[in-house]
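Chains as they are written, first to last, in numbering that gives the first Met the number 0: chain A, 0 to 333; chain B, 0 to 333.
2 protein chains.
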Amino acid sequence: MQAARARQDTLTKPQGSLGRLEELSIQLAGIYAQPIPSIREKAVIVMAGDHGVVAEGVSAFPQEVTPQMVLNFLNGGAAINVLARCAGARVVIVDIGVAAELPEHPRLHRRKLAFGTGNIAQGPAMTRAQAEQAIQTGIEVVEAEIQRGLDAVATGEMGIGNTTPSAAIAAVLTGQPASQIAGRGTGLDDAGLERKIAVIERALSVNQPNPQDGLDVLSKVGGFEIGGLAGVMIGAASHRKAVLVDGFISTAAAMIAISLCPDVKPYLIAAHRSRENGHGLMLDWLGLKPLLDFDLRLGEGTGAALAFPILQAALAILREMATFGEAGVSEKAR
Amino acid sequence: MQAARARQDTLTKPQGSLGRLEELSIQLAGIYAQPIPSIREKAVIVMAGDHGVVAEGVSAFPQEVTPQMVLNFLNGGAAINVLARCAGARVVIVDIGVAAELPEHPRLHRRKLAFGTGNIAQGPAMTRAQAEQAIQTGIEVVEAEIQRGLDAVATGEMGIGNTTPSAAIAAVLTGQPASQIAGRGTGLDDAGLERKIAVIERALSVNQPNPQDGLDVLSKVGGFEIGGLAGVMIGAASHRKAVLVDGFISTAAAMIAISLCPDVKPYLIAAHRSRENGHGLMLDWLGLKPLLDFDLRLGEGTGAALAFPILQAALAILREMATFGEAGVSEKAR
Chain A
0 MQAARARQDT
10 LTKPQGSLGR
20 LEELSIQLAG
30 IYAQPIPSIR
40 EKAVIVMAGD
50 HGVVAEGVSA
60 FPQEVTPQMV
70 LNFLNGGAAI
80 NVLARCAGAR
90 VVIVDIGVAA
100 ELPEHPRLHR
110 RKLAFGTGNI
120 AQGPAMTRAQ
130 AEQAIQTGIE
140 VVEAEIQRGL
150 DAVATGEMGI
160 GNTTPSAAIA
170 AVLTGQPASQ
180 IAGRGTGLDD
190 AGLERKIAVI
200 ERALSVNQPN
210 PQDGLDVLSK
220 VGGFEIGGLA
230 GVMIGAASHR
240 KAVLVDGFIS
250 TAAAMIAISL
260 CPDVKPYLIA
270 AHRSRENGHG
280 LMLDWLGLKP
290 LLDFDLRLGE
300 GTGAALAFPI
310 LQAALAILRE
320 MATFGEAGVS
330 EKAR
Chain B
0 MQAARARQDT
10 LTKPQGSLGR
20 LEELSIQLAG
30 IYAQPIPSIR
40 EKAVIVMAGD
50 HGVVAEGVSA
60 FPQEVTPQMV
70 LNFLNGGAAI
80 NVLARCAGAR
90 VVIVDIGVAA
100 ELPEHPRLHR
110 RKLAFGTGNI
120 AQGPAMTRAQ
130 AEQAIQTGIE
140 VVEAEIQRGL
150 DAVATGEMGI
160 GNTTPSAAIA
170 AVLTGQPASQ
180 IAGRGTGLDD
190 AGLERKIAVI
200 ERALSVNQPN
210 PQDGLDVLSK
220 VGGFEIGGLA
230 GVMIGAASHR
240 KAVLVDGFIS
250 TAAAMIAISL
260 CPDVKPYLIA
270 AHRSRENGHG
280 LMLDWLGLKP
290 LLDFDLRLGE
300 GTGAALAFPI
310 LQAALAILRE
320 MATFGEAGVS
330 EKAR
C-alpha cells in the first residue's frame, strides 16, 4: 500500500486529484499485496434461497419467483447477466436453499441445504449446524472459483422475502429498531411495510439472537443465501481477493462475515448505497463507504457488477499513467 | 422515451428497481429518439488553452504545464488516456489557445485562436468575435467526429489556471459570491485561495459581464477551452448525441452553452460531482444530478470517461434483459 501511494504521488496529476480512484488503488494494492495489482478474472456469485417468513406477507412478489428467477439467470436474461456481461464477469449461480426442486443444469451449483428457511416470526431460520454449512458452502464455492483463476468476486443473491431476514440481522447487530432498518423491498405499500416491521420485531423477540455471536444471529434470523455470501467473503479474503459487496442483503451477509471474522473487512469494497431504508446504517456499522449511489433496490449483485469497471480503472491509473519524470512535466511550485 | 419507460416496466425486475440506470436509459432514448439506442463510438474531446490571469498567482502549477500535458496526452501517458482506453473511447486533443507553439502531430487539432486569454483581473479574456470563434471551433470539432461516426462525447480540458475563469463564470450566472464558488484547484493553500477569490471579484468588477448574455460572460471572464467545450455541447446536442459533462471547468462550459441555447440541456449528463468548492451549486443551477461522487479534481475529462460504462450498462439493460413474459416469471401481486 505504501508503494502504491508513493507511485500515485509521482504520476502526472496533482497529488490526490483522482480522489477515491487513488484510495481504491491503494486498498487493492493491500488486498493483493502487490504494488500494482491486476484484476483479470471476475465473477458474480449469486446465491439463491427461500424464506419461511414469506408466509407472513412480507414480500410484494410470490415465492415461486425465486426458482423462476434462477432459471432466468441460467438463461442469461436477468439484470445480473446483462451487467456481468458488460463488466466481463461470469455469473456463478448457487441453489443453497430454494424451496423448489431445480433441474440439473451445467451452470447451476446444486448445494441446497433445505427447501427454504423456517419462519423466523415463529422460530429459528435454521439450525446452528446448517448456519455453519451455509458458510462452509460459500467458502467452497469461492475457493473452487479461485482455483479456476478468479481474481475478484462480486456478491449477489436471489430470494423472495430476503430483505426481511437481512433487516433482522442488521437490527440485531446495529442495535437499531426494525423501523429504522426495514424498507419496501421489491415494492411493499405502507401497510406492507408496517407488517414487515412488526414481523421483524416478532422474530427478534421470539428468537433472541445474541449480537455477540454471528453464527447465532445467522441461524436465528438469517437465510441460507446470506450465510453462503458471508462464506464467499471469508473465503475470498482468506485468499487475498477483493470482494465487491452489493446492496442490502449482501451487506447483511458482510455483517455476519465481520462478526465471525473482523479481518475480512479490508477485503470488502461496498459497491453502492441501495435505496432500501437502513442500508446506510449498515454501511456505517461496517465502516464502508459505497462507490455508487444509484437508488438501486434489485439485488442479484447488480450494483456490484456495475462497480467492476471502477476497480479496473483505478488499477489502470496505477499501472499505465506516466510519471512527472517520464513525461517531462513540471511539478507543483513549492 | 415513453417506449423505453414502457419496456423498462416489462423487464424481469421490480419496476423502478434499477433506479438511475432506468432514468438514464430513458434519457438516452430521448436523446437518440430511439426506444433502444446504442452507443458504440465514443470520444473524449479535450480542449487546451491558457489564461492570462495566471499572472495573478491563482494556480499551484506553472503555465508551462499546459503544453507539457498536451504532449503527455499525445503520448498516451495522462490520466485521461488511461481512463478513455478503459472505456473504449478515443481522445481528441485540440489546441484552442495554448500560450506556446505546439509541434505538428497527427493527433493534435491545431485550432489556436490566441496564445492564451487576456488577464481577466485587468480586462476581458477575449473579444466577442473570439468568443464566437471558440464556440464555432467546438461545433466544428465535434461535427467532424460525428461525421466519423461518433455516438457520444465526453468533455475534457487542460489549462493551468482555468478554475479561476470557470468560477468567475459560475459566480456571474448563479449570482453567488466568488467565495462560495472558488476552490483550491490543483492545490492552492489558504492564502492562495484568498488571493484567487479576490482576483475573481476584481475580474467581475473590472469587466461587468452581463449575466443575460452568455457570449458576453465568455468573452469577459471565460477561456478559449471553455468556449470550445460549450461549442462541443451545442454541436453534439444539435445532432442528437449524448454529452457526458466532466467536472468544474466543463460544467462552467455547460452553463455558457445553456445560456446561449437552453435546448441543449436534455442532452447533457453530469458525470460526477467534483471536489472543487462550488461545483454543486453549478450543477444545481443547471438542474443536473451527477452520476459519480469520487472527490475528483483533475479535469481532462477523467470523470466523464469513468461514466461511459454506466451509460452502456443502462442501454444494455434496456436491450438485453428478458421480459416477464419471455422468462415466464410471475409479476408482482396486485
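C-beta: ideal position from N, C-alpha, C; glycine also.
Item	Value
As assigned by DSSP and simplified to three states, the class of K331 of chain A	coil
Residue ranges of each beta strand (DSSP E) within the stretch 226-312 of chain B, 3 or longer	241-244, 267-269
Rounded C-alpha distance that separates V198 of chain A from T162 of chain A	12 angstroms
Nearest-angstrom beta carbon gap, F293 of chain A and A113 of chain A [assumed within contact, 8 angstroms]	With 8 angstroms as the limit, A113 of chain A and F293 of chain A do not qualify as a contact, their Cβ atoms being about 34 angstroms apart.
Three-way DSSP call (helix, strand, coil) for D188 of chain B in this model	coil
Rounded C-alpha distance that separates L27 of chain B from A59 of chain A	30 angstroms
Min CB distance K331 of chain B to chain A below 7 angstroms	yes
Beta-carbon proximity check, A32 of chain A vs P66 of chain A, cutoff 7 angstroms	no
Buried or exposed (CB count within 10 angstroms, at least 16 for buried), K288 of chain B	exposed
For L107 of chain A, the residue or residues it bridges with in DSSP	A:I92
Which listed residue (B:V45, B:A170, B:P176, B:G56) has its alpha carbon closest to that of L70 of chain B	B:V45
Cβ-based burial, E275 of chain B [other Cβ within 10 Å; buried from 16]	buried
Residue range of the alpha helix (DSSP H) that includes G324 of chain B	323-326
Residue environment, E193 of chain B, which counts as buried when at least 16 other CB atoms sit within 10 Å	exposed
Contact with chain B by L295 of chain A, beta-carbon distance below 7 angstroms	yes
Among A:T11, A:G300, A:G221, A:A151, nearest to G160 of chain A - alpha-carbon criterion	A:G221
Contact under 7 angstroms by Cβ, A326 of chain B with L20 of chain B	no
Residue-level contact to chain A via CB, F60 of chain B, 7 angstroms cutoff	yes
Validate contact between the stretch 121-139 of chain B and the stretch 206-215 of chain B using beta carbons, cut 8 angstroms, 3 pairs	yes
A170 of chain B - partner residues in DSSP beta bridges	A170 of chain B pairs with nothing; no bridge assigned.
Within chain B, partners of V90 of chain A - CB distance below 7 angstroms	Those within 7 angstroms of V90 of chain A in chain B number zero; the least Cβ separation is about 13 angstroms.
Whole-number beta carbon distance between M254 of chain A and L334 of chain A, since they are thought to touch under 8 angstroms	Residue coverage of chain A in this structure runs from 0 to 333, which leaves residue 334 of chain A outside it and unanswerable.
Contact list for the stretch 235-259 of chain A against chain B, Cβ threshold 8 angstroms	none
Whole-angstrom distance between T154 of chain B and I257 of chain B, CA atom to CA atom	15 angstroms
V81 of chain A: first and last residue of the uninterrupted alpha helix (DSSP H) it sits in	78-86
Span of the beta strand (DSSP E) around T154 of chain B	151-157
Beta-carbon separation (whole angstroms), A315 of chain A vs V81 of chain B, contact threshold 8 angstroms	5 angstroms
Contact check, S249 of chain B vs L228 of chain B, beta carbons under 7 angstroms	yes
Exposed unless 16 or more other CB atoms sit within 10 angstroms - verdict on N209 of chain B	exposed
Given Q146 of chain A as reference, the closest of A:V328, A:M281, A:A54, A:G234 once Cα atoms are compared	A:G234
Straight-line gap, E144 of chain A to A42 of chain A (C-alpha atoms, nearest Å)	8 angstroms
Given I25 of chain B as reference, the closest of B:R239, B:A2, B:K12, B:I38 once Cα atoms are compared	B:A2
Residue span of the beta strand (DSSP E) that contains E45 of chain B, given as start and end	In the sequence on display, residue 45 of chain B carries Val and not Glu. Start and end: 41-48.
Between the CA atoms of K12 of chain A and T185 of chain B - distance to the nearest angstrom	9 angstroms
From A:C260, A:K264, A:T126, residue whose alpha carbon lies closest to that of G29 of chain A	A:K264
Secondary structure of L10 of chain A, DSSP reduced to three states	strand
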